[in-house]
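Protein chains in written order, with my numbering: chain H, 1332 to 1442; chain Z, 417 to 533.
Note that beta-carbon positions come from the ideal geometry of N, C-alpha and C, so glycine has one too.
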């Protein structure tokens, strides 16, 4: 049973559109929520991360929104570009040493 | 600066064979970990280490062994390969515990694609 549930599994968006990926969790002890981006044939790389004391964090075209009461967080990719086509993973960590990942979302941005 | 290096890139094993997946990092990172990636399952933690001589189990440790004799190397051993171990394996390292007080990101290698027939 996955502790972090990610949706959708795949997403197609037109160039310039907004990509939205959602994650939900149950463990209220989670205190760190990163997003990783993975291109084909490569390992994932950290994109952006948030802690539960803030509701939103923006880095360029990428924004994390965090809803502590709903136990949900999401990644918004604004003005999506073909170069954003990748698989995105949300993750969460409680006190301790284990980072738990969601199932991943494959994003395809059509030109 | 090589980062995290995994070898081999591809491997085919027969059921029952054993092998070692190699992982080395040149960033002097204390934390190292192994994940497996399967479609729809995301990345699942197999084993991790917070420093030389210290290892611990992750979510799916059965069938795998690790050791950490140096800061740089963290090999993953498959004792008796099974078809259920067909997967892509990623090694990752970070300066300290990911998401800890230093907000250390995980640095991943490019993976080893393993097929067990």
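By the C-beta criterion, the segment 1399 to 1409 of chain H is judged not to be in contact with the segment 474 to 489 of chain Z, since fewer than 3 inter-stretch pairs fall below 8 Å. By the Cβ criterion, the segment 1413 to 1431 of chain H is not in contact with the segment 427 to 437 of chain Z, since fewer than three pairs of Cβ atoms, one from each stretch, lie closer than 8 Å.
Its chain contains 1383 as the residues whose beta carbon lies nearer than 6 Å to that of residue 1399 of chain H, once the 5 sequence neighbours on both sides are disregarded; these appear in chain order.
Secondary structure at residue 500 of chain Z: helix, using DSSP grouped into helix, strand and coil. For residue 1420 of chain H, a Cβ of chain Z is located within less than 8 Å of the residue's own Cβ. Of all residues in the segment 468 to 501 of chain Z, only 472, 474, 475 place a beta-carbon less than 9 Å from a beta-carbon of chain H. For the segment 1380 to 1406 of chain H, residues whose beta-carbon sits nearer than 9 Å to a beta-carbon of chain Z comprise 1380, 1382. Secondary structure at residue 1414 of chain H: helix, using DSSP grouped into helix, strand and coil. When DSSP states are grouped into helix, strand and coil, residue 437 of chain Z belongs to the strand group. Of all residues in the segment 1362 to 1382 of chain H, only 1362, 1363, 1364, 1365, 1367, 1369, 1372, 1373, 1374, 1375, 1376, 1377, 1380, 1382 come within less than 9 Å of chain Z when Cβ atoms are compared, listed by chain position.
Three or more Cβ pairs closer than 8 Å define a contact, and the segment 1342 to 1360 of chain H meets that threshold against the segment 1433 to 1442 of chain H. By the Cβ neighbour-count rule, residue 531 of chain Z is exposed, with fewer than 16 other Cβ atoms within 10 Å of its own.
The beta carbon of residue 439 of chain Z lies closer than 6 Å to those of 422, 490, 507 in the same chain, with the five residues before and after it left out. Using a 10 angstroms sphere on the CB of residue 1365 of chain H, the tally of other CB atoms reaches 16 or more, which defines it as buried.
Around the beta carbon of residue 1370 of chain H, a 10 Å sphere encloses fewer than 16 other beta carbons of the protein chains shown; the residue is thus reported as exposed. Under the Cβ criterion of 8 Å, residue 1433 of chain H is counted among the residues facing chain Z. Within the segment 429 to 460 of chain Z, 447, 449, 451, 453, 455, 456, 457, 458, 459, 460 place their CB atoms closer than 9 Å to a CB of chain H, listed in sequence order. If you check the CB distance, residue 521 of chain Z and residue 510 of chain Z come in under 8 Å. Residue pairing for residue 431 of chain Z: DSSP places it in no beta bridge. Under the Cβ distance rule, residue 1441 of chain H does not count among the residues neighbouring chain Z, no pair being separated by less than 8 Å.
By the 16-neighbour rule on beta-carbons within 10 angstroms, residue 448 of chain Z is buried. The beta-carbon of residue 514 of chain Z is placed less than 8 Å from the nearest beta-carbon of chain H. Residue range 1376 to 1381 is occupied by the beta strand (DSSP E) that includes residue 1380 of chain H.
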